[in-house]
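One structure is given below, encoded as structure tokens.
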Ligand SMILES: [Zn+2]
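Numbering (this note's numbering), first residue to last: 27 to 251.
See below:
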């Protein structure tokens, strides 16, 4: 973090146009054409270690621009990256429809459900980046109506998953994701930024199912492989 940026943050100015690409660090542009192209590759099916119970797709591996953009959005205050990431997510969803992996748009309005994050962690990061990603994807889908349903929440006793093994992640989250409101009807896509072991996705899908909401697919920006 450079001195100029720190000074800007101290001054409380929120809407700063970033001077480097959030995917590769290229100068003078917030999101470069090469990173946009990398994110525009067709989504691919992924099979996490934990059985999620519905098809899972990633825009790419959790590496390169996918990883850099997720980390910058989550940890470095790059809220602006929700726009290119949301656009890529919206495009991926329409490609999944074209491929027959999701119902076509004319059948029912699509509902995006952000995977839950621990509330304290989201506050510390200045808002939940996955919610912002879903909202941006909804905006990028216009004129098609895509709604965002923030219906999942994580029990306050859950630890941050960083550094936990797959078994520890599963134990940490088991039965601790709840549904606080019913999702609107329509094809439901669970959205997360990263798919690691699949624990969060599996617990989220199970919690929604217990509440009577079927999930059609899980779509993430990057899958750890
Ligand atoms: Zn770039």
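Built from N, CA and C at the ideal position, the CB exists for glycine as well.
- When the five nearest sequence neighbours on each side are left out, the beta carbons in the same chain lying within less than 8 Å of the beta carbon of residue 248 are those of 84, 85, 86, 87, 88, 89, 92, 93, 96, 219, 220, 221, in order along the chain.
- Beta bridge pairing from DSSP links residue 179 with 204.
- By a beta-carbon distance limit of 8 Å, residue 224 contacts residue 75. Their separation comes to about 6 Å.
- Leaving aside the five residues that flank residue 55 on each side, the residues in its chain whose CB is nearer than 8 Å to its CB run, in chain order, 46, 47.
- Looking at the DSSP output, residue 221 sits in a beta bridge with 249.
- Using a 10 angstroms sphere on the CB of residue 63, the tally of other CB atoms stays under 16, which defines it as exposed.
- Taken atom to atom, the span from the alpha-carbon of residue 136 to that of residue 98 is near 28 Å.
- Of the other Cβ atoms in all chains shown, fewer than 16 fall within 10 Å of the Cβ of residue 197; this residue is therefore exposed.
- In the structure shown, the three-state DSSP call for residue 45 is coil.
- Judged by DSSP in its simplified three-state form, residue 105 adopts helix.
- Using a cutoff of 8 Å, the CB of residue 52 counts as near ligand 1, since one of the ligand's heavy atoms is closer than that.
- Between residue 215 and residue 239, the CB-CB gap reaches or exceeds 9 Å.
- Judged by their CB atoms, residue 202 and residue 181 are nearer to each other than the 9 Å cut-off.
- With respect to residue 227, residue 172 sits apart: the two C-beta atoms are not nearer than 9 Å.
- Relative to residue 68, the option among 120, 130, 194 whose CA is nearest is 120.
- Judged by beta-carbon spacing, residue 122 lies within the 9 Å limit of residue 245, meaning their Cβ atoms are closer than that value.
- Rounded to the nearest whole angstrom, the CA to CA distance from residue 109 to residue 58 is 13 Å.
- The alpha-carbon separation between residue 134 and residue 168 amounts to approximately 15 Å.
- Taking non-hydrogen atoms of ligand 1 into account, the C-beta of residue 68 is found less than 8 Å away from none of them.
- For residue 170, the closest of 161, 131, 153 by C-alpha to C-alpha distance is 131.
- In this structure, residue 113 has its beta carbon at no less than 8 Å from each heavy atom of ligand 1.
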